[in-house]
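Notes follow the structure.
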């Protein structure tokens with residue numbers, strides 16, 4: 111969507127015809143339009159600080175006019191040989207102005223720059239809040255790096271426009287009012303003269319900014335290439351070594367480096383020339399002043415002091431001219447970033463929660479104190495599913511009833527739709543075709559937080575926070591404490607998940623921080639911690655999505671047995687690849703290409719000699735046999751043959 | 002590289018989060034500095050040129066206020082218009098000299114900085130390529146890449162912004178001070194009275210700022226880490242209904258970062274006015290004392306006016322130096338990290354990799370392992386007393402369970418690793434007596450994961466060799482039975498994201514063509530056809546049979562069908578050779594091989 115499309119409705123709302131005309135000017139449109147809404151919002155929110163900051167800035171800029179006048183006075187006094195005690199007064203005035211300026215400079219930093227930091231903080235928070243509400247499909251489509259870049263670079267760009275950007279703009283504008291007035295007051299003729307070379311400055315700055323920006327981007331691109339090449343040189347070091355092509359690989363890297371140098375020097379040409387050129391325009395003003403101003407002094411048109419004061423004023427005018435160009439580029443960058451941020455902030459958050467669930471009263475009695483609990487009955491009616499934004503149906507017309515207290519196992523090859531099916535229970539994705547009912551209520555009608563309280567979900571890929579083990583497991587308990595209900599203890603949960611002993615074996619025991627250097631938990635141990643975390647939540651319905659894959663068979667058996675007696679238990683749905691995980695389930699579903707092919711107990715399914723389950727079972731048996739054969743094979747060959 | 006020359010450098014304070022390198026400045030160590038200087042003085046031209054130009058530019062800058070003063074004393078007061086014009090012309094000339102020498106100096110140092118960085122980059126890159134494979138196995142590529150890219154950039158920034166600025170500003174401060182004393186001793190003493198205080202203030206505030214920045218930076222990285230972790234684990238957050246709790250935590254981290262930011266702005270808010278005030282004191286002194294003296298005629302008016310300009314332009318450079326000092330320190334920290342990598346021992350010498358590697362001449366390809374013991378670490382033997390004789394031209398199949406030591410065998414043959422005991426002979430000569438590079442150039446190795454470089458397929462096959470026609474091109478012309486290879490070579494396109502759009506079969510064919518390019522005396526296939534579709538597999542096998550006939554070939558395979566026709570099949574188990582013989586013999590033996598074969602035949606295992 112372009113800027114123009116979004117700006118129109120705003121312009122219309124403003125009303126008066128002249129504003130309509132104004133809004134046709136692109137520059138004005140960005141001020142009133144959607145893109146700068148974030149900026150306007152925070153400027154308004156911190157209007158007091160911003161106002162005070164701008165006030166301080168005005169005072170600094172007004173005072174800035176005075177020192178050259180003091181110098182003028184000093185020079186004039188000398189050349190007219192007036193009383194000498196006048197110098198003490200001048201010195202005193204100079205000091206006073208410096209003091210006041212210092213005070214106000216302190217002021218604008220504390221007000222203006224600080225307010226931009228607050229705005230940055232608020233915007234970051236707004237963005238994070240929004241992220242926490244986004245559905246799973248949002249994160250499936252985006253890379254962490256991109257989302258982080260919004261939180262860092264783009265928020266920063268908006269903040270900079272409000273801090274440094276507003277500062278430079280306001281500073282430049284005030285200067286344009288104050289300094290020329292003072293100059294004009296001293297000598298109108300010299301003023302016009304001194305300003306002669308200045309209009310070129312904003313043009314120079316803006317052009318320079320553009321030029322630097324485009325050259326800088328090329329440098330960045332080339333830098334990216336070098337990085338990628340360095341990455342390749344290391345990632346492919348075995349290939350390079352095995353073909354002994356280090357010489358050519360180095361030559362290739364050297365060539366890339368030389369291109370990088372060339373582009374950098376191209377950038378350096380504008381960069382190094384910019385500052386001195388700016389100074390030069392100022393010096394041109396000084397030369398004109400010398401030529402014409404000096405003559406005026408000789409001709410007694412102006413005093414010598416005025417001549418001296420003009421020197422200073424000319425030097426002061428370069429900055430606001432340059433500042434205009436800078437402020438513009440700050441503003442532009444902020445607009446681009448706002449656009450990117452708005453793309454995310456405009457997306458609607460998680461599945462709507464408008465329909466409040468009618469919680470069945472029957473379950474209330476069996477619930478732990480102060481807490482509603484489902485009976486755990488689940489029903490699927492003609493459920494079909496495709497992942498948001500994709501075409502292929504991964505589940506087709508699935509109908510199934512799961513009785514309260516039942517343990518259902520789901521087996522099937524990779525891509526058979528197991529994970530998709532399981533992810534619908536806690537509504538990671540909304541159900542669109544068919545129905546999924548929990549306790550007779552459509553999951554789409556459940557209040558999301560309440561639904562997720564009822565459904566525990568352990569995914570195959572382990573995610574633990576880089577906190578202590580206690581904190582990670584307590585994650586599931588928190589909710590109970592908040593409701594002042596009786597939670598399970600952390601140790602109960604870890605014992606049920608057969609991880610308690612392992613944790614005690616760690617150096618820091620329960621206080622071990624995960625994700626730190628030197629903390630090496632095996633895949634199975636991590637899986638068991640995530641199971642403990644889910645148990646601690648005491649969900650009536652527990653879902654394990656291949657969550658025992660790295661746990662050895664004996665431990666797995668213990669855990670599965672323990673799960674039957676976990677507190678608050680009702681229903682379990684377990685997806686797995688290993689037969690050992692599923693064989694004791696009350697019912698086993700065999701999923702194939704999104705459809706249920708077989709269902710029944712282990713015994714029943716084994717009875718069907720040509721069924722998929724039986725085939726699956728036989729293959730696994732064979733592999734296990736071979737593995738145990740290989741395992742024992744080493745026994746005859748010994749460790750005794752050590753050198 | 003940050004943009005330089007922002008006219009009002011005050012604004013820098015508002016950017017602290019992006020300006021600094023992530024690692025803390027540690028201080029300047031003379032050893033690193035000397036080493037760095039060694040890289041710098043190597044480029045004499047731009048170095049001394051830049052230094053000379055700095056001197057010229059500083060001198061011109063010093064001259065200008067004096068010229069304005071002279072205009073007053075010698076032209077305006079006496080009323081000499083001719084003199085005034087001369088002075089104005091001289092002023093213009095001096096300004097031109099100053100501007101052009103400043104630009105030229107900037108250019109010189111940019112050039113110098115780039116040249117130094119290129120030297121360092123190449124040194125690090127070449128060093129990393131010469132490190133033994135064992136070091137690469139232990140260090141994640143990402144961390145090492147940072148040395149080549151970010152650390153060198155930090156160094157470049159220190160060089161172009163830090164070092165040059167410190168020298169130029171130091172010269173300016175020194176020049177102005179000396180010049181002021183030369184103009185008028187007493188007035189200079191009055192003007193520079195605040196100088197010690199100012200230097201102390203700058204040092205004091207810079208140190209405080211450094212701490213404040215460090216604090217803000219570490220808080221920022223905590224914030225980023227928190228957010229990144231939460232995005233990664235958003236599913237868990239949602240499933241446990243923890244959005245609110247985590248938001249509260251984020252809010253805490255966010256606030257604490259903002260507070261740290263405020264801390265730094267507070268310091269700046271005091272720092273800047275202090276300088277304003279000090280400048281005010283110095284100027285007031287000059288007005289009061291200098292004005293008095295000028296009025297009594299003991300001081301020329303022009304000198305007084307020049308003093309105004311000098312004093313006002315004295316303080317910016319001091320701040321600048323204080324500012325850039327931090328940059329300098331972080332650059333040194335990067336230099337330290339770079340040099341520490343350059344100190345790691347390598348397996349080949351720098352000069353060895355400059356020339357193309359020569360394959361061993363007249364290699365027959367007889368390989369002998371004599372009681373080889375090998376462990377990656379300690380006593381965890383991966384190969385135990387392993388012995389083997391491969392006659393020239395033989396095809397050997399190596400099979401075994403995961404972790405049996407198959408790949409290790411190849412790593413030893415390539416001299417990626419050296420055995421702890423025993424020895425390996427090639428054509429009767431100890432492997433260690435051959436140069437690593439010529440040994441590797443004589444062996445064609447194809448691995449399961451084909452690493453593709455960015456660039457074209459042609460570049461990937463020939464590995465950036467530009468001379469000669471290319472053996473694979475010839476092969477595809479002469480042997481039309483390999484359509485995959487032909488198709489690949491006819492396709493001059495750049496590979497997208499390292500060949501994500503290529504099938505495994507195509508990738509393997511590229512790897513095969515790579516090996517064919519060097520026409521090796523020994524072929525090694527390490528699970529080369531593991532995940533390849535059957536059509537590609539057939540083509541690959543036929544290609545191998547065609548081009549490796551009469552050459553020694555070692556085939557590591559998971560799928561036993563691949564090695565069935567080998568002259569000899571070795572079965573490795575836990576680092577030992579447990580079975581050997583032809584397919585039929587091993588089947589009769591009824592051991593691991595026979596069972597593995599049955600298992601695969603029945604389709605249980607791929």
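Chains as they are written, first to last, in the working numbering: chain A, 111 to 753; chain B, 2 to 607. Note that the Cβ used here is the ideal one computed from N, Cα and C, for glycine as well.
- With three or more CB-CB distances shorter than 8 Å, the stretch 389–401 of chain A counts as touching the stretch 306–317 of chain A.
- The continuous beta strand (DSSP E) containing residue 386 of chain B extends over residues 382–391.
- Between residue 535 of chain A and residue 567 of chain A, the CB-CB gap stays under 8 Å.
- The Cβ of residue 282 of chain B sits closer than 8 Å to at least one Cβ of chain A.
- Shown in chain order are the members of the stretch 200–219 of chain A whose Cβ falls below 9 Å from a Cβ of chain B: 200, 201, 202, 203, 204, 205, 206, 207, 208, 209, 211, 212, 213, 214, 215, 216, 217, 218 and 219.
- A residue is called buried once 16 or more other Cβ atoms fall within 10 Å of its Cβ, and residue 404 of chain B, having fewer, is exposed.
- The beta carbon of residue 623 of chain A sits closer than 8 Å to those of 576, 577, 578 and 629, all from its chain and outside the five residues before and after it, given in chain order.
- For residue 151 of chain B, no beta strand (DSSP E) run applies, since DSSP gives it neither H nor E.
- In the DSSP assignment, residue 246 of chain A falls within the alpha helix (DSSP H) that extends over 246–251.
- The beta carbon of residue 347 of chain B sits closer than 6 Å to the beta carbons of 131 and 132 from its chain, once the five residues preceding and following it are set aside; these are given in chain order.
- For residue 309 of chain A, the nearest beta carbon of chain B is not closer than 8 Å to its own beta carbon.
- Here residue 183 of chain B is exposed: its Cβ has fewer than 16 other Cβ atoms, across all protein chains shown, within 10 Å.
- Ranking B:552, B:534, B:400 and B:226 by CA distance to the CA of residue 577 of chain B puts B:400 first.
- According to DSSP, residue 436 of chain A shares a beta bridge with no other residue.
- Annotated three-state conformation of residue 675 of chain A is coil, per DSSP.
- For residue 729 of chain A, the three-state secondary structure derived from DSSP is helix.
- When B:421, B:300 and B:342 are compared, the shortest CA-CA separation from residue 379 of chain B is found for B:421.
- Put simply, of A:438, A:322 and A:407 the residue whose alpha carbon is nearest the alpha carbon of residue 379 of chain A is A:322.
- With contacts defined as CB atoms closer than 8 Å, residue 398 of chain A and residue 185 of chain A fail to qualify as a contacting pair.
- Beta-bridge analysis with DSSP links residue 569 of chain B to B:397.
- In terms of Cβ geometry, residue 212 of chain A and residue 277 of chain B form a close pair [threshold 8 Å].
- Put simply, the stretch 517–527 of chain A does not touch the stretch 542–555 of chain A. Fewer than three CB pairs are less than 8 Å apart.
- For residue 446 of chain B, the neighbours in chain A by C-beta distance under 7 Å run, in chain order, 352.
- Chain A has a Cβ within less than 8 Å of the Cβ of residue 242 of chain B.
- With its beta carbon at least 8 Å from every one in chain B, residue 150 of chain A lies outside the interface.
- Here residue 355 of chain A is buried, its C-beta having at least 16 other C-beta atoms within 10 Å.
- Take the alpha-carbon of residue 511 of chain B and the one of residue 462 of chain B: they are about 6 Å apart.
- Nearest in C-alpha terms to residue 393 of chain B, of all of B:126, B:98 and B:427, is B:427.
- Residue 657 of chain A does not reach chain B, its nearest Cβ partner there being about 13 Å away, counting only Cβ pairs nearer than 8 Å.
- Within 8 Å of the CB of residue 344 of chain A, the CB atoms of chain B belong to 129, 137, 142, 145 and 146, in sequence order along the chain.
- Residue pairing by DSSP puts residue 524 of chain B in a beta bridge opposite B:445 and B:554.
- Sorting A:315, A:245 and A:299 by C-alpha distance to the C-alpha of residue 239 of chain B places A:245 at the top.
- Within the stretch 375–444 of chain A, no run of beta strand (DSSP E) reaches 3 residues while sitting entirely inside it.
- For residue 425 of chain A, the CB contacts under 7 Å within the same chain, skipping 5 residues up- and downstream, are 392 in chain order.
- Burial is judged here by how many other beta carbons sit within 10 angstroms of a residue's own beta carbon; residue 198 of chain B has fewer than 16 and is exposed.
- Fewer than three beta-carbon pairs drawn from the stretch 348–360 of chain B and the stretch 536–544 of chain B are found closer than 8 Å, and the two stretches are therefore not classed as touching.
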